[in-house]
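Enquirer: So in the numbering used here, spot 479 of the sequence shown is number 482, and the numbers just go up one at a time.
Glycine included, every Cβ here is placed at the ideal spot set by N, Cα and C.
Only a predicted model underlies this, so the values are computations on that prediction, with no experimental measurement involved.
What follows is a single structure, and I will ask about it in a moment.
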Amino acid sequence: MSFWQIVKDTSGIGDFLLWGVIGFILIAFLLFNIATSERKRIRASMFIFALSFIGLLAASAISYFGSGSENFSYRSIRFVSLFFASIAIINLAGVFFFGVFLKSLRIHIPLILRDLILAIAYIITIITLLSRNGVDLAGIVATSAVITAVIAFSLQDTLGNILGGLALQMENTINVGDWIRINELEGRVQEIRWRQTSIETRNWDTIIIPNSTLMKGQFTVLGRRQGMPLQHRQWIYFNVDFRYAPSEVIQTVEDALQEEPIQHVALVPPPHCIAVDFKESYTHYAVRYWLTDLAIPEPTDSVVRSRIFTALRRAEIPLSIPAQALFITDDDESRRVRKQKEEIERRSKALKQIELFNSLTTDECQELAMRMKYAPFVRGEVMTRQGAQADWLYLILEGEAQVDVNVEGKTEKVATLRSGDYFGEMALMTGQRRHANVIAITDVICYQLDKEAFENILRNRPEIAEYISRTLAKRSVELESIKEELKEEVMNRRVQSKQNELLHLIRDFFGLEDTSQFQN
Numbered sequence: 004m005s006f007w008q009i010v011k012d013t014s015g016i017g018d019f020l021l022w023g024v025i026g027f028i029l030i031a032f033l034l035f036n037i038a039t040s041e042r043k044r045i046r047a048s049m050f051i052f053a054l055s056f057i058g059l060l061a062a063s064a065i066s067y068f069g070s071g072s073e074n075f076s077y078r079s080i081r082f083v084s085l086f087f088a089s090i091a092i093i094n095l096a097g098v099f100f101f102g103v104f105l106k107s108l109r110i111h112i113p114l115i116l117r118d119l120i121l122a123i124a125y126i127i128t129i130i131t132l133l134s135r136n137g138v139d140l141a142g143i144v145a146t147s148a149v150i151t152a153v154i155a156f157s158l159q160d161t162l163g164n165i166l167g168g169l170a171l172q173m174e175n176t177i178n179v180g181d182w183i184r185i186n187e188l189e190g191r192v193q194e195i196r197w198r199q200t201s202i203e204t205r206n207w208d209t210i211i212i213p214n215s216t217l218m219k220g221q222f223t224v225l226g227r228r229q230g231m232p233l234q235h236r237q238w239i240y241f242n243v244d245f246r247y248a249p250s251e252v253i254q255t256v257e258d259a260l261q262e263e264p265i266q267h268v269a270l271v272p273p274p275h276c277i278a279v280d281f282k283e284s285y286t287h288y289a290v291r292y293w294l295t296d297l298a299i300p301e302p303t304d305s306v307v308r309s310r311i312f313t314a315l316r317r318a319e320i321p322l323s324i325p326a327q328a329l330f331i332t333d334d335d336e337s338r339r340v341r342k343q344k345e346e347i348e349r350r351s352k353a354l355k356q357i358e359l360f361n362s363l364t365t366d367e368c369q370e371l372a373m374r375m376k377y378a379p380f381v382r383g384e385v386m387t388r389q390g391a392q393a394d395w396l397y398l399i400l401e402g403e404a405q406v407d408v409n410v411e412g413k414t415e416k417v418a419t420l421r422s423g424d425y426f427g428e429m430a431l432m433t434g435q436r437r438h439a440n441v442i443a444i445t446d447v448i449c450y451q452l453d454k455e456a457f458e459n460i461l462r463n464r465p466e467i468a469e470y471i472s473r474t475l476a477k478r479s480v481e482l483e484s485i486k487e488e489l490k491e492e493v494m495n496r497r498v499q500s501k502q503n504e505l506l507h508l509i510r511d512f513f514g515l516e517d518t519s520q521f522q523n
């Protein structure tokens with residue numbers, strides 16, 4: 004018998020050996036060019052296949068030179084060679100199935116599951132080869148059960164890591180490329196293997212974490228939310244002292260951050276600023292934005308901080324000075340008197356601009372000015388609510404406010420109030436409930452004047468009530484005439500009637516006696 008015939012008999016496939024070798028080489032060559040990411044596995048398969056073929060030649064040589072097929076060396080080498088050939092073929096089939104076929108269908112199989120399927124194929128192959136070589140499988144199974152129990156007990160930590168890795172990938176808990184945080188450690192998942200998971204940090208380090216640690220402990224998958232794009236919220240903190248209103252600071256910062264897109268900062272949700280806390284001498288703020296590239300948080304934070312800094316500089320809002328700095332003011336009695344006098348003059352000037360108080364003397368205006376209260380409102384805040392009981396008037400110094408009226412469940416805008424306007428005069432003089440909602444459109448600075456401050460003046464000069472009632476009546480009727488287009492004669496009659504009504508309400512509200520007779 005020729006040597007080549009012995010080789011074919013040793014292979015177990017006879018005349019198909021040559022075609023099998025040629026087919027394996029051709030398929031490996033095609034896959035090497037198609038599945039480029041699997042080239043390492045293909046090279047390993049070809050190397051193993053070459054070893055198996057060399058083994059077949061070696062076993063055939065033993066048989067050819069007279070030792071026969073029953074020789075132990077021949078049987079051992081043949082078994083190993085066929086096993087290697089089976090591994091090479093299984094690996095090549097795995098490359099085609101997982102790396103080409105399933106990939107073309109866009110089906111992703113976890114690496115551990117793929118390795119597990121191949122391992123099962125190896126076990127089936129070795130059992131089949133042992134069975135064909137007349138090995139008693141029942142005895143091997145009985146013996147292997149005891150050995151398996153011993154191995155499982157001694158390698159329980161390793162097995163825990165292996166099962167943990169399998170669970171992580173099967174349940175899709177984390178994937179390669181995910182950013183995770185474990186305690187203070189943050190990094191990107193680079194690889195999930197049987198025993199451990201490799202995490203690459205931003206410091207250019209690789210951290211190896213046992214899979215059992217991931218399964219037993221708590222970790223955070225950064226930037227992942229069901230049905231949402233990958234992005235993670237970042238916080239940037241800064242401080243501004245109390246001289247600047249939070250609404251002004253917030254508006255300045257948000258305008259700067261939202262006006263022009265910032266690289267790696269999400270447009271939705273937009274970056275925004277909040278007042279976090281009030282400290283000893285400053286307000287603590289935070290900017291919150293959503294980072295789209297989790298690999299570069301610090302550089303993006305730096306860009307956002309630069310935007311905040313320059314925006315505040317443009318608005319002439321300095322960041323807070325160190326806490327140990329001291330404000331020293333020469334606060335003597337003369338300075339306090341001067342400041343108080345300037346403030347009273349400012350308030351008196353504002354009062355004289357209101358038609359309602361034209362009948363007041365300079366001294367009476369100053370008396371009211373001393374009783375007025377400083378009343379600021381932030382944008383969006385309700386300054387007064389329709390139906391509320393409030394016996395005070397507001398005089399607007401700065402800002403804008405919107406007047407809304409609720410009619411049958413619908414809200415209608417009726418006016419916009421600006422610097423120099425006032426509202427709440429009916430409530431101040433008659434105690435009537437508010438007729439409308441007034442909402443701050445911007446930050447608004449007001450002076451508040453209540454009944455108690457005005458009561459002393461009316462008691463000293465009750466005749467003022469007549470002038471005020473006429474002013475209120477005229478203002479009320481003028482609003483009605485805009486809607487109804489009233490003639491002048493009708494307007495005069497209504498003013499007179501309304502004045503009598505309001506005069507009675509004012510006297511009743513302030514407890515004044517009717518010491519004067521109303522003159523037309």
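#1: Can you tell me the Cα-Cα spacing of Q369 and K352, whole angstroms?
#2: With distance defined between alpha-carbon atoms, name the residue in L431, T365, D296, V252 nearest to G226.
#3: Whole angstroms are fine: how far does the CA of R191 sit from the CA of A289?
#4: Under 8 Å by Cβ, that's how I've got Q435 and R473 pegged, so tell me the actual separation to the nearest angstrom.
#5: Give me, in chain order, the residues of the same chain whose beta-carbon lies closer than 8 Å to that of L322; leave out the 5 immediate sequence neighbours on both sides.
#6: Report the residue ranges of all beta strand (DSSP E) runs contained in full by the segment 369-416; include only those spanning at least 3 residues, in chain order.
#7: Using the Cβ count rule (16 or more neighbours within 10 Å means buried), how would you classify P274?
#8: So for Y125, helix, strand or coil by DSSP?
#9: Where does S305 land, buried or exposed, given buried means 16+ other C-beta within 10 angstroms?
#10: For L59, report the span of its beta strand (DSSP E) as first-last.
#11: Could you have a look at I311 and say whether DSSP puts it in helix, strand or coil?
#12: Counting C-beta neighbours from all protein chains within 10 Å, is the total for H111 16 or more, i.e. buried, or is it exposed?
#13: Measuring CA to CA, which of R497, D12, L54 is closest to S63?
#14: What is the residue span of the alpha helix (DSSP H) that E189 lies within?
#15: Reducing DSSP to helix, strand and coil, say where F281 ends up.
#16: Secondary structure at E263, three-state DSSP: helix, strand or coil?
#17: So for E203, helix, strand or coil by DSSP?
#18: Can you look up A353 in the DSSP assignment and give me helix, strand or coil?
#19: Name the residue from V381, W293, F82 whose alpha carbon lies nearest to the alpha carbon of Q254.
#20: Could you check whether the segment 420-434 touches the segment 390-405, counting it as contact only if at least three pairs of C-beta atoms, one from each stretch, sit closer than 8 Å?
#21: Return the CA-CA distance between K454 and C276, expressed in angstroms with no decimal places.
#22: Reducing DSSP to helix, strand and coil, say where V447 ends up.
#23: According to DSSP, is H507 helix, strand or coil?
#24: Which residue wins for smallest C-alpha separation from F281, given the options Y292, Y247, Q8, V307?
#25: For the beta strand (DSSP E) containing Q237, list its first residue and its last residue.
#26: Please report the distance separating the alpha-carbon of I130 from that of F100.
#27: Please classify S76 as buried or exposed, where buried requires at least 16 neighbouring CB atoms within 10 angstroms.
#28: Can you tell me where the alpha helix (DSSP H) holding I1 begins and where it ends?
#29: Sort S134, I324, F6 by Cα distance to E283 and report the nearest one.
#30: Leaving aside the five residues before and after A318 along the sequence, list all residues of the same chain whose C-beta is less than 6 Å from its C-beta, in chain order.
#31: Taking the straight line between their C-alpha atoms, what separation do you get for V268 and E257?
#32: Would you tell me roughly how many angstroms separate the C-alpha atoms of L452 and V498, rounded to the nearest one?
#33: How many angstroms separate the CA atom of I183 from the CA atom of R117?
#34: Measuring straight from C-alpha to C-alpha, what distance separates E348 and R338?
#35: Does the Cβ of F104 have 16 or more other Cβ atoms within 10 Å, making it buried, or fewer, making it exposed?
#36: Is it buried or exposed, N175, if we count other Cβ atoms within 10 angstroms and call 16 or more buried?
Expert: For this structure:
#1: 9 Å
#2: D296
#3: 27 Å
#4: Contact doesn't hold; Cβ gap of about 17 Å is too wide.
#5: F241, N242, V243, F312, L315
#6: 376-380, 385-387, 395-401, 404-410
#7: buried
#8: helix
#9: exposed
#10: Taken as a continuous stretch (DSSP letters only), L59 belongs to no beta strand (DSSP E), being part of the alpha helix (DSSP H) at 42-65.
#11: helix
#12: exposed
#13: D12
#14: That residue, E189, is in no alpha helix (DSSP H); its beta strand (DSSP E) goes 188-195.
#15: strand
#16: coil
#17: strand
#18: helix
#19: V381
#20: yes
#21: 39 Å
#22: strand
#23: helix
#24: Y247
#25: 235-244
#26: 23 Å
#27: exposed
#28: Outside the modelled stretch of the chain, which goes from 4 to 523, sits residue 1, for which no answer is possible.
#29: I324
#30: T255
#31: 14 Å
#32: 25 Å
#33: 24 Å
#34: 15 Å
#35: exposed
#36: exposed
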